[in-house]
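Chains L and S are the protein sequences, given in the same order. If you're matching positions, the first sequence starts at 21 in my numbering and goes up one per residue. If you're matching positions, the second sequence starts at 2 in my numbering and goes up one per residue. For every residue, glycine included, the Cβ atom is placed at its ideal position computed from N, Cα and C. Remember, predicted model here, so these are calculated numbers, not experimental data.
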Amino acid sequence: MKPPVCVLRTDGTNCDEETFYAFAKAGGDCRMVHVNQLRSGEEKLSSYHILALPGGFSYGDDVHSGKVLAVELTSLLKEQLQEFVEAGKPVLGICNGFQVLVRTGLLPERKIGTINTTLMHNDSGKFECRWVNLLVEDSPCIFTRGMTEKTISIQVAHGEGRFYTDPETLNRIESSRQVVFRYCDAGGKATALYPANPNGSLNAIAGICDETGLVMGLMPHPERFVEKTQHPNWRRGIEGDPHGLAVFQNAVSYAREM
Amino acid sequence: MAIQEVRVTNKPGLPDPAGNGLLYDLHHALGLDGFEKVSTAKVYRFEGIDEGQARLLAERLLAEDVFQIYSINGPLPDNTGVLVEVAYKPGVMNPEAASLIKAALDLGIEGLLAAESSREYTFRGPGATAENIALIVDKLLVNATVERVVIAKPETLIIKGSIGSIKTIPINQMNDQQLMELSRDKLFLNLEEMRAVRKYFLDTGREPTDCEIETIAQTWSEHCGHKTFRATLVVNGKEKEPMLARLKKATEDVNHPLVLSAFVDNSGVMEFYRGQAICGKVETHNSPSAIEPYGGAMTGSGGVFRDIMGTGAGARVIASTDMFCFAPPETLAENIPAGCLHPHYLLRQVVAGVKDYGNRMGIPTNNGSVHFHKDFRAKPSIIVGAYGILPVESCRKGQARPGDLGVVLGGRTGRDGIHGATFSSGEMTHRTVDVNSSAVQIGNAIEEKRMSDALLAASAEGLIRAVTDCGAGGFSSALGEMGENTGVRAWLERAPLKYSGLSTWEIWLSESQERMVLAVAPENLERLLEICRGYNVEATVLAEFTADRRLRVTHGDDIVCDLDMEFLHNGLPKRRMTARWERKPVCPDGVEKESNSLAIDWLNIYKSIMSHLNVCSKEPIIRVYDHGVQGSCALPPLGGEGGDAPNDAVILTPLPGEACGVVISHGLNPVLNNIDPYYGSLWAAAEAVSNAVATGANPEELCLIDNFIWPFPDEESLGALDLAVDACVDFVRATGMPFISGKDSLSSTYRGTDGAVLKIPPVLCVSAFGRVPDVNLTVSADFKKQGSKIVLVGKRNPSEMAGSTYYDWLGREGGNLPCLDLATLPLVLKAVHRAVRRGLVLACHDISEGGLAAAVAEMCFGGRLGAALNVVPGESPEQFLFNETVGCFVVEIDAGADGAEIFGVVPWVEIGTTVPEQQVAVYYKDQQLFGAELVELKDAWQKPMKEVFGA
């Protein structure tokens, strides 16, 4: 059975096609769903086994990146979202989708309306698009099963990706192993140094999950490396499968077994 | 109810990148010191709600207490320092306002009538004197065309006005002088054209309305009518076919089998694979960008994307390109003509505009270049391109039928861009900024993105008969052109407006962005409207297509416009224009005497060439563009071990999971056009296709797009333009590659109050795009392994050095520019393509500015490998290293490979090998001339743009 995947889009979503493709390639049965269709009742989240919030500039990233969509989701679709995560279904937020997840409160603690982490403007003050290395941490995250301690090559493209939170929350996230990805140097060591850490994130955090490992958000774009030729240096030889593909395959196989 | 104000800033102690960036600029761009800190805050204002509601908005939407603090109706704590608040001028649309209103509604806040946002800066330190703050406001914070400093809290945020009455313009009795007075600064028509207008209304027996006059001026503008390109030319006394006719004829004659639509639609279309077609369009936005670079560049990108969206029955945009020409960023302020903006500011603002529009639309900007020459100091050249994909079956220009409805999609109409079409056709003067400031606006990329989503959905369901962009000339242009062969009946009172108070002609002519017009059969209307609602896109039936070949526009009971389509579209008197050009003899300069090569400081020269503005790395620009969105990049703009080495073209895979690709590249060289427009233009065309072929593209599957950005066509400039067109035509005939789209912008002359005239170096930008059957059979420019042979392929006359970066470094231009051999070029292109296709090429880079020296250095950077080069016998080291003949390639082939077998009869020569030592070592007559360390070359190459962009 191909698990149904909801690729949620709205005004300004723009990484939906490639996210759709990544899940489809991984074996998902994808559908583009506009947030209006959820609001009108034409579509229901409960019809899906995976929810993906793709990258882009939802509502222009006005006020804060992802904020206006987060307000829409928490004000008008709160129950559906709550049900979805309580049913133990995976949720993935990439880039703008990650920003939305922290601004709904789904990350890091699955508490809708409680915002205790954020993604600030990059330290450089600039939007930046570049390939970086990520260290995959040991975590309960279902999206990174089998990837632990690997270093993957991946593209970032954002202006507001500096992970920030208060010291207590940071401690909690770290001690409950909710950090999924860290920016690292070529040797695989987590780094605070620009440009390997492209935005100045605390503890080099590039992606986190909730305590169950079912809700994950990350700033980099795994959907941009699911084919060999998407890597800038594929002509120089890149070993193994495209590095982003496993994220989607893990989600699909998890959903298949649900 | 009073206006509620919410101020939001980051908590003390947390970084404020915008403030830090400004602090950096105070020092680096303005040379100001004595500032300890600059902090920034957002200011939000709301009308129609109370303080409690404002507090709710602050807590739930505006401020996140993880990292921010806020204040309501008062200053933020610790606001000691000098405060400056900067906002858009009333009437300039702030895209954030709509999001504020939407979010407030979602939060259940009722009564909100209007919302605004602005930014507040706090300057601290002894440097914050009134004088310094005034300078900062003027140079860095406020572009007075669209922005202002907020002094007092506004009383209302609602813009309203009463509608102006329809005016009649009494031209029937005007004499010639009065006609020209009417034309100046507003219509930009010449006397003969004004007389034709007068005759039409004399014959009609009535005076025109303001709207009719404006409609004619827009349709007949140089921008829309391309009068110079359609004119009969008399060059040096000899009559020649119109330039446009010559270009089109060359394309028709070569009859390229892949061309599906050339010069008729909003973009040129060629066949792709899997039942799909690809299309390309390149536009200029020089005039708006010269006075408001951020908004000008944004609307340039937005406009060219809509050209792609408005091709056939709608296309999906897959790429954005940007090519700019500026004066050097270090130009002294006193050398900038009155009324013109400094290039350092222009460059950064234009890049920001392209970035914000492309990134937000989700369109990768991944091919471009920046050229610098002092004579762009009055007016820059801002070129933006876009490419798209669409099904072959719906790729041809649609035709509205009588009874079809004219539906406007997207943004609302405001007083934006009034006179944009006529304005961009006029010369620039010190008056331009004041008189024409309404011609510029700020784009709203999200409005365009959702419109694109809706359009593609409607297109997929076959609901669209015809579609076009509402660009220059607004509804007048869009409906006037779509209904040229049928007739149009439009009801202006139906147009959704941003605010009240627009005159009817303003509604008709407004160039408000993010609007498109569709011709839709009545039976498809309901479904179209339903799709649009689903995407939050406003759609309104504004007009109906008729069969009477008249353009009839009303507002309520008033007749605003009633013109004969035949007169409007074919009544423009055909121009006959004289051109004069004296071809300078292309003679050898004879400066490269056999100098004492060993005594020259080669490292210094090499570094100077690498750090020349036209050679240096443009990485800080490329990085701020999302060049990876859509996941389609199979050859990115930057690659190699450090991810910082440039490739010649971009290759995209627009169909996910399929290996077939689109290649996109371009070429231009304004300096060479100054010396000889014919060979300079050949260089541009050859550079564009060489860039594509260097990656492995098949020269037989490429199409071309022209952009002529020229000084005002006086006799001399027109003579140069005529030669450039001849070069294009000869290029098409020699190579078989057709031009399928193009644009001219012939107004890049500045006239100062003292009568001083400044012309830009003529720019011909040629863009190339094509299809690649399998991206796996393409190459990048970075060297792949040590011990490889380095081969130079292509024909060059080593003494042709004029216009080169090296000559510029020497402080001269010269006369013996590279004269491309049109007979050899196609053979070289085929040979390089064949070699790549056979998998025999490890890396390939074409030679352009900076010559072989720059090309090899860039290949070394990417491969983290050095090169040992031998000067070709018969060439001086200067010629060998710095000659910029186009159509030549540096190719890496395997150590054991046989150059003769690979390249056959085309000119090729082995020039060296790749080595592990991190340097470029050059040998001349068996002696080492020098060894330049890669790290030094790279630092020199990266430094200039890092300084400009503060990276």
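When DSSP states are grouped into helix, strand and coil, R207(S) belongs to the coil group. Rounded to the nearest whole angstrom, the CA to CA distance from A844(S) to K608(S) is 23 angstroms.
Setting aside the 5 residues that flank it on each side, E243(L) is surrounded in the same chain by C35, E38, T39, A42, I114 and G264, each with a C-beta closer than 7 angstroms to its C-beta; the list follows chain order.
Restricting attention to D809(S), S805(S), R813(S) and S877(S), the CA atom closest to the CA of G852(S) is found in S805(S). Put simply, the backbone Cα of L62(S) is about 11 angstroms away from that of I102(S).
Under the 9 angstroms criterion on CB atoms, I160(S) is classed as non-interfacial with respect to chain L. Judged by their CB atoms, V199(L) and I174(L) are not nearer to each other than the 9 angstroms cut-off. Separation of the CB atoms of E893(S) and F740(S) is rounded to 32 angstroms, and the pair is thereby denied contact status at 8 angstroms. Residues of chain L with a Cβ closer than 8 angstroms to the Cβ of L108(S) are, in chain order, V91 and S95. Here the C-alpha atom of I384(S) lies approximately 44 angstroms from the C-alpha atom of N74(S). Within the same chain, Cβ atoms closer than 8 angstroms to the Cβ of P262(L) are found at F245, V246, E247, K248, Q250 and H251, the five residues on either side in sequence being excluded. Straight-line spacing of the CA atoms in A520(S) and R528(S) works out to 14 angstroms. Annotation: Cβ neighbours of D186(L) in chain S (cutoff 8 angstroms, chain order): V67.
M299(S) sits in a helix when the DSSP states are folded into three classes.
Looking at the backbone, the Cα of R413(S) and that of W254(L) are separated by about 45 angstroms.
Judged by DSSP secondary structure, L569(S) falls within the alpha helix (DSSP H) whose first and last residues are M566 to N571. The beta carbons of F201(L) and V156(L) sit closer together than 9 angstroms.
Between L141(S) and H343(S), the alpha-carbon positions lie close to 11 angstroms from each other.
At a cut-off of 9 angstroms between beta carbons, E37(S) makes no contact with chain L. According to DSSP, residue pairing for L154(L) in a beta bridge involves I172(L) and Y203(L).
The distance from the Cβ of V55(L) to that of A104(S) is about 13 angstroms, inconsistent with a contact at the 8 angstroms cut-off. Assignment of beta strand (DSSP E) within the segment 382-411 of chain S, counting only whole runs of 3 or more residues, yields 382-392 and 406-411 in chain order.
If you draw a straight line from the Cα of R125(S) to the Cα of L31(S), it is about 17 angstroms long.
Within the segment 126-139 of chain L, I135, N136, T137 and T138 place their CB atoms closer than 8 angstroms to a CB of chain S, listed in sequence order.
Within the model, the alpha-carbon separation for L183(S) versus A278(S) is close to 46 angstroms. Taking 9 angstroms as the threshold, the shortest C-beta distance from V198(S) to chain L does not fall below it.
In this structure, F890(S) places its C-beta atom within 9 angstroms of the C-beta atom of V694(S).
Residues of the segment 71-89 of chain L with a C-beta atom less than 9 angstroms from some C-beta of chain S are G75, G76, F77, S78, Y79, G80, D81, D82, V83, H84, K87 and V88, listed in chain order. Using a Cβ-Cβ cut-off of 9 angstroms, L62(S) is close to V83, H84, K87, V88 and V91 of chain L, given in chain order.
The beta carbon of S221(L) sits no closer than 9 angstroms to any beta carbon of chain S. Contact with chain S is absent for G117(L), since none of that chain's Cβ atoms lies less than 9 angstroms from the residue's Cβ.
For A42(L), the uninterrupted alpha helix (DSSP H) run begins and ends at D36 to K45, by DSSP. Residue-level contact by beta carbon fails for H69(L) and chain S, as no gap is shorter than 9 angstroms. Look at the segment 847-922 of chain S and you find these whole runs of beta strand (DSSP E), each 3 residues long or longer: 867-871, 890-894 and 909-916. Short of 8 angstroms from the beta carbon of V758(S), and not among the five residues preceding or following it, lie these beta carbons of its own chain, in chain order: T750, Y751 and R752.
When DSSP states are grouped into helix, strand and coil, Y184(L) belongs to the strand group.
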